[in-house]
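One structure below.
Protein chains: 2
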Amino acid sequence: MPKTIYDIAKEAGVSIATVSRVFNSSNSVKESTREKILKIADDLGYHPQAYAQGLASKKKNSIMLLVPVMSNYFFTEILRGTQDVLADENIELTILNINQEKGVFRQVEQIIKRQWADGYLLVSLHLSQQELQKLKRYKVPISLLDDHSTHFDSVSFNNEQGGYTATKYLLNKGYKRIVFLSGSKEALPNKERYKGYKKALAEFKIKPDESLYITGDSMDRDGFTEKNGYEAMCKIISLDEPGEAIFCTSDIKAVGALKAMNDANVRIPLISYDDLSISEYIGLSTISQPMYKMGCQATRHLLNRIDNYDIIICDHIHNPELIIRNSSEI
Amino acid sequence: MPKTIYDIAKEAGVSIATVSRVFNSSNSVKESTREKILKIADDLGYHPQAYAQGLASKKKNSIMLLVPVMSNYFFTEILRGTQDVLADENIELTILNINQEKGVFRQVEQIIKRQWADGYLLVSLHLSQQELQKLKRYKVPISLLDDHSTHFDSVSFNNEQGGYTATKYLLNKGYKRIVFLSGSKEALPNKERYKGYKKALAEFKIKPDESLYITGDSMDRDGFTEKNGYEAMCKIISLDEPGEAIFCTSDIKAVGALKAMNDANVRIPLISYDDLSISEYIGLSTISQPMYKMGCQATRHLLNRIDNYDIIICDHIHNPELIIRNSSEI
DNA sequence: CTGAAAGCGCTTACAG
DNA sequence: CTGAAAGCGCTTACAG
Chain R
-18 MPKTIYDIAK EAGVSIATVS RVFNSSNSVK ESTREKILKI ADDLGYHPQA YAQGLASKKK
42 NSIMLLVPVM SNYFFTEILR GTQDVLADEN IELTILNINQ EKGVFRQVEQ IIKRQWADGY
102 LLVSLHLSQQ ELQKLKRYKV PISLLDDHST HFDSVSFNNE QGGYTATKYL LNKGYKRIVF
162 LSGSKEALPN KERYKGYKKA LAEFKIKPDE SLYITGDSMD RDGFTEKNGY EAMCKIISLD
222 EPGEAIFCTS DIKAVGALKA MNDANVRIPL ISYDDLSISE YIGLSTISQP MYKMGCQATR
282 HLLNRIDNYD IIICDHIHNP ELIIRNSSEI
Chain G
-18 MPKTIYDIAK EAGVSIATVS RVFNSSNSVK ESTREKILKI ADDLGYHPQA YAQGLASKKK
42 NSIMLLVPVM SNYFFTEILR GTQDVLADEN IELTILNINQ EKGVFRQVEQ IIKRQWADGY
102 LLVSLHLSQQ ELQKLKRYKV PISLLDDHST HFDSVSFNNE QGGYTATKYL LNKGYKRIVF
162 LSGSKEALPN KERYKGYKKA LAEFKIKPDE SLYITGDSMD RDGFTEKNGY EAMCKIISLD
222 EPGEAIFCTS DIKAVGALKA MNDANVRIPL ISYDDLSISE YIGLSTISQP MYKMGCQATR
282 HLLNRIDNYD IIICDHIHNP ELIIRNSSEI
């Protein structure tokens, strides 16, 4: 039922090769022929089928962005960067949501095997080095964002530094019992931020107190939810010795934590992590990361590698920045 | 370089037809042969190429979700619904971000022409009836979410009802000067909500006051940003007669509006729209819509139509629900 | 249970 | 500037 290149060629009285040339902007087509074909194609609602083009040309002219959750500002900013870099490139961008419950590696490998795109941008997927190594054999352009590896181009944050900066600030203000309000303990960024937290404590000769490592009970999305933050804060409040300040590993959790404080009518200084668009408006002191810029970078890495698979591997690590607003200043 | 069906067939000593059958779960393959082929495929990292399969079988086994912005909870919930419906279907789901600045219709039509998927779920795209009519000729399964049409299956909200309910509540509390804190005046949902707002006023014999129709100056994302809400609220506060209550057309804008109130140290009752996940935690009274459920519905419509293009068109309109929390209760 | 062969809708040297 | 033809990597009747 849908029109094919044959329909157009017949209608225009030319060969399919000529029609193909028109759509591949080869300049070796007579202007009048080109216009005629374009007109017919428009009338008939024709455009070359992506799948057939991909198969014949062995190029997909598309890249795929693989992400675990796309609920947040974090991802939106990255996407903005990617789209801006792609703007003059004539490359299509599709997004695939990876289900964290169903084996991240399996899903990623499957997509790559099926050759959906010319290259893949893996965002916040945190595969193990061993898994990344396995992906290497497909010899396909892959670029990592919010993840680090020697196998692929990567753009990542210095999470340890972020945890360190936030904690240090609190320590400098004189607080000693600082709570680490955590997400899932297994999540890599969480571990790294905890490292930074401990490093800062160490500088102040404070031993990390296990009972101050606290998370909520709701564990969907690795615990990065308002609900988890609320639950965690309730636990903190009911501690025998509640803690004098809080380093919270995400803004979304902080929203929950703030509510719990309000409900219980207590106020504990808090610094969180992400700098979502709402954070400015609810006065969160937080660690900010240059997400737009990183989206641009990671995308450029990918395009370069599609262009030439054998160029040297790039590895950018960005230092986050502490932004002080109300929540830390009591 | 990547392995093809020929490599596998040769290695296994069978024809490519047999290899193909294994991957299409045809049961007419000897168990031992199947296992052998699967083993070889796994060793060699082979899986049938999506594009070649699509071309040969004329089925993509994939659907595409077209959305304008995916920053919000709104979209995340819909996605959850879609994914849950797709869970046992063996259909891939890809997402395509539509750039509102670059001609929504043109982008959508292009995607459809190129035949990326077996069907398309259009979310919050608000094409005109005329444009939808044009898409009709491609005879391709399309399902609309947060949009209404007689041409395609659709699942939408009764925005007028939402605006009416919110405004009525405020009127019932005795407020007379009610501000309509708007997004872009051209946006369809905005218009519909405004209709409901006026309808409620009419019941109270109040003439809509033009000077109470207020929006901010930042107009990215159709004005649905914290910043726009903040700006609008500043205008409201500096009104000669400020208004006794506010109906705000989105929670994100309300976040900005609340901050502006705080900064100016005023408190005006406010009801907003969306019920994002944070809204509960910051005490927003708001209009809530069953997004997860609607994502499920729209996806089922689409699958049914892919199954049989000629079934009768479905049209669900959902009534939103008012949820009272702090922001409206001063 | 398996294979040979046609065909899906394109692109792209090659030749003119 | 244009066409004939091979080929991309699969699926799927058809035949056995």
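Chains as they are written, first to last, in the numbering used here: chain R, -18 to 311; chain G, -18 to 311.
Even for Gly, the Cβ is constructed at its ideal location relative to N, Cα and C.
- Looking at Tyr54(R), Gly26(R), Ile123(R), the one whose alpha-carbon comes closest to that of Ile287(R) is Ile123(R).
- Ile(-14)(R) and Arg2(R) have their C-alpha atoms some 11 angstroms from each other.
- If you compare the alpha carbons of Leu116(R), Asn5(R), Asp198(R), Gly237(R) with that of Gln88(R), the shortest gap goes to Leu116(R).
- Chain-order list of chain R residues neighbouring Gln96(G): Pro(-17), Gln30, Ala31, Tyr32, by C-beta distance under 8 angstroms.
- Within the region 223 to 291 of chain G, complete beta strand (DSSP E) segments of at least 3 residues are found at 226 to 229, 251 to 255, 266 to 269, given in chain order.
- Around Val236(G), the beta-carbon contacts reaching into chain R at under 8 angstroms are Ile259, Tyr262, Ile263.
- Distance from the CA atom of Lys(-9)(R) to the CA atom of Gln96(G), rounded to whole angstroms, is 21 angstroms.
- Judged by DSSP secondary structure, Gly204(G) falls outside any alpha helix (DSSP H); it is assigned neither H nor E.
- Bridge pairing for Met45(R): Thr75(R), Tyr101(R) [DSSP].
- According to DSSP, residue pairing for Phe138(G) in a beta bridge involves His299(G).
- DSSP places Ile93(R) in the helix class (H, G or I) of the three-state scheme.
- Per the Cβ contact rule, the region 97 to 115 of chain G is not in contact with the region 100 to 117 of chain R (fewer than 3 Cβ pairs under 8 angstroms).
- Between the alpha carbons of Ile21(R) and Gln30(R) lies a gap of roughly 16 angstroms.
- Here the region 162 to 178 of chain R lies against the region 132 to 151 of chain R, with 3 or more beta-carbon pairs under 8 angstroms apart.
- Within chain R, no residue has its beta carbon less than 8 angstroms from that of Leu152(G); the closest one is some 28 angstroms off.
- When only Cα atoms are considered, Ile259(R) and Ser(-4)(R) end up about 57 angstroms apart.
- Residues of the region 200 to 221 of chain R that bring their beta carbon within less than 8 angstroms of a beta carbon in chain G comprise Thr206, Glu207, Tyr211, in sequence order.
- Within the same chain, Asp134, His282 come within 6 angstroms of Cys295(R) by CB-CB distance, once the 5 residues on both sides are set aside.
- Of the candidates Glu70(R), Gln278(R), Asp128(R), Asp128(R) places its Cα closest to the Cα of Leu103(R).
- Using a Cβ-Cβ cut-off of 9 angstroms, Lys240(R) counts as an interface residue toward chain G, since at least one Cβ of chain G sits closer than that to its own.
- With its beta carbon less than 9 angstroms from one in chain G, Lys41(R) belongs to the interface.
- Between Thr75(R) and Ser38(R), the C-beta spacing is not below 9 angstroms.
- Under a 10 Å Cβ-count criterion, Arg118(R) is classified as exposed, with fewer than 16 other Cβ atoms of the shown protein chains found around its own Cβ.
- Distances from the alpha-carbon of Cys215(R) to those of Val247(R), Ile304(R), Ser7(R) put Val247(R) closest.
- Bridge pairing for Val160(G): Ile227(G) [DSSP].
- Distances from the alpha-carbon of Lys(-16)(G) to those of Gly164(G), Ala241(G), His28(G) put His28(G) closest.
- Residue state for Tyr27(R) is assigned as coil, using DSSP reduced to three classes.
- With a threshold of 16 other beta carbon atoms within 10 Å, Ser7(R) falls short and is exposed.
- For the pair of segments examined, the region 267 to 281 of chain G was found to touch the region 236 to 256 of chain G: the number of CB pairs separated by less than 8 angstroms reaches three.
- DSSP, reduced to helix, strand and coil, places Tyr150(G) within a helical segment of the structure shown.
- Chain-order list of chain G residues neighbouring Asn78(R): Leu60, Gln64, Leu74, Ile76, by C-beta distance under 8 angstroms.
- Asn78(R) sits away from Val121(R), with the two beta carbons spaced by 9 angstroms or more.
- Taking 9 angstroms as the CB threshold, Ile233(R) lines the interface with chain G.
- In this model, Leu251(R) and Ile293(G) are separated by some 56 angstroms (Cα to Cα).
- Using a Cβ-Cβ cut-off of 8 angstroms, Tyr119(R) is close to Pro(-17), Gly26 of chain G, given in chain order.
- Annotated as distal: Asp291(G) and Leu265(G), with beta-carbon spacing of 9 angstroms or more.
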